[in-house]
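So the structure is just underneath, and the comments pick up after that.
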Amino acid sequence: MPLGKLEKIAGWGNYPLCESYVVKPRNKNDVKEILNKSELIARGLGRSYGDQAINDNRYVINCTYLNYFLSWQPNEGILECGAGVSLEEIISVFAPQGWLPMICPGTKFVTVGGAIANDIHGKAHHVDGSFVNCVLSFKILLADGSCVEASRTENSDLFWANFGGLGLLGVILSAKIKLRKIETTYFKQKSLVIKNLDHMLEALEQYDHEYNYSVAWIDALAKGDKLGSGVLTLGNAAKLSELPDKLKSEPLKIHSKSKLTVPVYFPNFTLNTVTVKLLNTVIAFVQNSPKQFVHYEKFFFPLDALNNWNKGYGKRGFIQYQFVIPEENGKQNVAEILEMIASSGCTPFLNVFKRMGDGQGILSFPFKGYTLAIDFPVTKNLKAFTQLLDKKVLEAGGRLYLGKDAMLDEEMFKAMYPQHKEWLEIKKKYDPTNKFSSNISRRLGLDVV
Ligand SMILES: Cc1cc2nc3c(=O)[nH]c(=O)nc-3n(C[C@H](O)[C@H](O)[C@H](O)COP(=O)(O)OP(=O)(O)OC[C@H]3O[C@@H](n4cnc5c(N)ncnc54)[C@H](O)[C@@H]3O)c2cc1C
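Taking the numbering used here, the leading residue of the sequence shown gets 321, the next gets one more, and so forth.
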């Protein structure tokens with residue numbers, strides 16, 4: 321296997337950009353061969369927003385060729401597959417047989433390895449928890465060349481440290497995951513127009529018991545008595561008996577390939593407060609659609625309809641800032657953060673607001689509270705602003721999602737995640753020479769020193 325072509329790569333936000341030697345192994349032996357090199361990081365489909373899967377002048381192991389199915393137990397819904405298999409591939413094969421992944425994030429273009437390393441969550445986090453809840457075990461190639469199995473009972477420290485572990489403990493080769501039985505590929509959806517933050521929090525509290533899926537969009541430029549206004553979308557899996565006749569003929573229909581692509585990077589000036597206001601009006605209109613039965617493609621992955629939509633932010637790139645803060649004093653803290661964002665001049669764009677349930681992995685992001693994920697184009701003032709936000713989030717007892725972060729500094733990260741000490745002990749045990757490292761591990765001090 322040719323060892324390493326120097327390529328310019330980035331995460332989904334196209335920021336930061338770096339040059340790395342990219343290798344594409346096809347199997348375990350190929351990965352073992354690469355282990356002779358030092359300072360490597362695995363990469364899936366590059367849907368992390370920041371510097372999680374890039375490695376300045378070092379090695380990046382693109383795992384997307386590890387995309388084979390190994391075994392399937394239809395009675396239990398247990399699938400064993402290579403870590404490079406994407407949720408898109410799982411859905412394409414198993415949805416027609418009545419199965420979907422248990423945890424679906426906002427795009428289906430993520431690999432199983434990437435989903436473990438960031439312990440991803442979806443719209444049903446308050447009910448289903450994060451990706452760890454569908455993983456029975458995985459096989460991982462460690463720094464010393466050994467391949468071990470990790471589960472809740474075997475090498476359990478390695479198991480828990482990998483969820484949110486950013487690929488820094490080894491290369492995950494395969495995983496056994498549980499899929500969810502479905503009667504249809506449709507969801508019964510309800511949308512509510514939300515007047516302000518009081519209304520938003522009350523509605524989340526009220527409907528989270530009734531609906532397994534809930535997510536809101538907030539008008540991030542709204543202020544005063546409209547602060548926190550937006551649209552709340554709720555849903556439950558649709559049963560076959562509930563479907564209208566016209567959908568009953570193909571209840572397990574799957575998605576088709578998207579035909580729309582953003583062909584080039586938009587010029588930087590295309591995104592400004594005027595376009596954002598205009599788009600906010602369009603989003604409010606579309607999300608508040610009266611359609612009751614919605615296909616999973618629109619329900620889970622609306623952004624997948626447009627290939628390479630990240631180029632719409634221009635070559636300067638963008639970040640997605642996602643935090644979670646506790647429910648205690650949540651209203652006051654969310655209000656203050658929304659006010660900071662609305663007055664920042666940083667052109668807040670797409671966003672998602674929801675209530676999360678409890679978290680589990682050592683460095684996993686979620687815990688019980690409110691989360692907001694919001695895009696900002698990269699500008700010269702952005703870092704100064706995110707540092708103010710970081711301070712506010714920390715004061716509120718919250719933390720940032722490392723799978724999306726691109727700007728946090730080491731001191732702030734360590735204050736937000738005091739459990740980093742426990743995680744670093746496990747890193748020392750399994751990777752004492754720092755074979756696995758990345759831009760984010762150097763930025764946040766997640767390397768063994
Ligand atoms: C439009 C969009 C919507 C999103 N919505 C959500 C959401 O709702 N919830 C959510 O939680 N996330 C969301 N994300 C983020 C995304 O789900 C995660 O970043 C996911 O981890 C990306 O998977 P990937 O295969 O692209 O991995 P990459 O981005 O390539 O890598 C992510 C991490 O996984 C590690 N990794 C990858 N493969 C392996 C392997 N084989 N072994 C060890 N480590 C590995 C990498 O080192 C890196 O640290 C969204 C992203 C986009 C672009």
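In this text, a Cβ means the ideal position worked out from N, Cα and C, and glycines have one as well. This structure is a prediction, so every number in the text was calculated from the model and none was measured.
Could you give the DSSP three-state label for Cys-401: helix, strand or coil? strand
Own chain, CB closer than 7 Å to Lys-712, minus 5 neighbours either side, in chain order: Glu-656, Ile-657, Met-660
Is there at least one non-hydrogen atom of ligand 1 closer than 7 Å to the beta-carbon of Val-491? yes
Verify whether the separation of the beta carbon atoms of Gly-433 and Cys-383 is less than 8 Å. yes
Ligand 1 site residues, beta-carbon cut 5 Å against heavy atoms: Trp-332, Ile-361, Ala-362, Arg-363, Gly-364, Leu-365, Gly-366, Arg-367, Ser-368, Gln-372, Ala-373, Cys-383, Ala-403, Pro-425, Gly-426, Thr-427, Val-430, Thr-431, Gly-433, Gly-434, Ala-437, Asn-438, Ile-440, His-441, Leu-486, Gly-487, Val-491, Ile-492, Leu-623, Gly-723
Of the residues Asp-751, Leu-722, Met-727, Ile-746, the one placed nearest Tyr-737, counting alpha carbons only: Leu-722
Which of helix, strand or coil DSSP assigns to Trp-332: coil
Curious, which full-length beta strand (DSSP E) runs of at least 3 residues does the stretch 672 to 738 contain? 689 to 697
Can the beta-carbon of Asp-439 be found closer than 8 Å to that of Ser-457? no
Determine which residues share a DSSP beta bridge with Gln-509 and list them. Gly-555
Do Ala-558 and Phe-620 count as a contact pair if the criterion is CB distance below 8 Å? no
If Glu-400 sits next to Ser-412, beta carbons under 8 Å apart, how far is it from one beta carbon to the other, in whole angstroms? Not really, about 17 Å apart at Cβ, beyond 8 Å.
What does DSSP give as the partner residue(s) for Tyr-641 in the beta ladder? Ile-694
Specify, as a first and last residue, the run of the beta strand (DSSP E) that Ile-497 falls within. 491 to 501
Comparing C-alpha positions only, which one of Asp-767, Asn-759, Val-769, Ser-561 sits nearest to Tyr-369? Asn-759
Return helix, strand or coil for Gln-612, following the three-state DSSP convention. coil
For Leu-567, collect the residues of the same chain with a Cβ closer than 7 Å to its Cβ; drop the 5 residues on either side in sequence, then sort them by chain order. Tyr-506, Phe-613
What are the boundary residues of the alpha helix (DSSP H) that includes Lys-348? 348 to 354
Roughly how many whole angstroms lie between the Cα atoms of Leu-365 and Leu-512? 34 Å
Can the beta-carbon of Ala-495 be found less than 8 Å from the beta-carbon of Ile-398? no
Is it true that the stretch 724 to 742 meets the stretch 455 to 469, where meeting means three or more beta-carbon pairs spaced less than 8 Å apart? no
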